[in-house]
Amino acid sequence: MPNASGEMTVEPDESAVATLDDDGGAGESQPGVLALLGRTLLFSTEPYAIVRDDDHPGRRGFVIVLVVVAIVAVAQMIAYWLGWLTAPRLDSLQGLLYSTVTDWPWYAEQVQQDPAFATQFQQGYLAGWEALRILLGYPTLTATISVDLSLIVTTFGNWFLFSVLAHWTARWFGSQARFVQTLGTVALAYAPLLLLVIQVVPGATVPLSLLFLLMLATKYLALKTTHNLGTPQTLFVLAAPYVIVAIVAALVALYGGAYGLEQLPYFRDAFKVQLFLAR
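Be aware that the sequence shown starts at 117, since it is given in the numbering used here, and climbs by one per residue.
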């Protein structure tokens, strides 16, 4: 539009200005997973609120847990590689002992009697050395992969089970939060597992008791932010999953042990005698 001096001016689009205002000016993006995890380790409640108010908190929680276990698993593999580089070599000793044993007349006699003995002996010998390395704390690929797989399965399982039991308990107290919100915020509570990265340094360890206490604190903040309950109610919701799992485990052990004893002939006969005497 021309102004008084005859120059052309451009009028701002009011709808565009309104859109910018509604989106927070320049459309500020939400922090990424690593940023959220870092703030969680500083015991900030902001990451929980961000995930709780996300359009897909459950999906974001799954990504958060996946990132945590992936970082820890990669750190474990790096620790294995560094430990393997610095650990003394046992391959030469293993090969020397194997050659010595296979040269014994006893070994030759066993092979003549059973041709499959050589293969079975070799498999048992290798398995025995692998177990010896694990007992001595020697870095092995088998142990590292087993630890990583166990970490992945237990972390995802604990995350889902704790979320289910805690959400059910919180709803009993009158919480109106959705289950996916609990899933999302509780996922952040596993951020202390990232401290296991310190094990990349040979000989460095993180006390499991410290991890447990830190995760109790982060789970409390997650539940408090998600369900907005009072402190006593939140503490009850936090403890309920552990109590429920402990009771179920005790019942399984009790009935499982009783069932196992019942299968023994002596205890089965004694139990029948007790039933006969009780008549």
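Glycine included, every Cβ here is placed at the ideal spot set by N, Cα and C. These numbers were taken from a predicted model, which means no experiment stands behind them.
Applying the criterion that 16 or more other CB atoms from any shown protein chain within 10 Å of the CB defines a buried residue, is residue i buried or exposed?
i: residue 266; result: exposed
i: residue 343; result: buried
i: residue 345; result: buried
i: residue 321; result: exposed
i: residue 175; result: exposed
i: residue 186; result: exposed
i: residue 192; result: buried
i: residue 334; result: buried
i: residue 264; result: buried
i: residue 159; result: exposed
i: residue 275; result: buried
i: residue 215; result: exposed
i: residue 236; result: exposed
i: residue 273; result: exposed
How close, in whole Å, do the beta carbons of residue i and residue j come, if the pair is a contact with beta carbons under 8 angstroms?
i: residue 312; j: residue 188; result: 5 angstroms
i: residue 246; j: residue 258; result: 6 angstroms
i: residue 199; j: residue 318; result: 6 angstroms
i: residue 226; j: residue 233; result: 5 angstroms
i: residue 349; j: residue 295; result: Going by Cβ atoms, the distance from residue 349 to residue 295 rounds to 18 angstroms, so no, they are not a contact pair.
i: residue 217; j: residue 306; result: That pair is no contact at about 48 angstroms.
Does the separation of the CB atoms of residue i and residue j fall below 7 angstroms?
i: residue 332; j: residue 308; result: no
i: residue 339; j: residue 361; result: no
i: residue 183; j: residue 301; result: no
i: residue 315; j: residue 165; result: no
i: residue 357; j: residue 281; result: yes
i: residue 299; j: residue 325; result: no
i: residue 337; j: residue 161; result: yes
i: residue 150; j: residue 163; result: no
Length-filtered (4 minimum) alpha helix (DSSP H) runs lying within the segment 267 to 325: Taking only runs of at least 4 residues, the alpha helix (DSSP H) segments lying wholly in the segment 267 to 325 are 295 to 304.
Whole alpha helix (DSSP H) elements within the segment 164 to 238, 4-residue minimum: Runs found: 173 to 202, 207 to 218 and 221 to 229.
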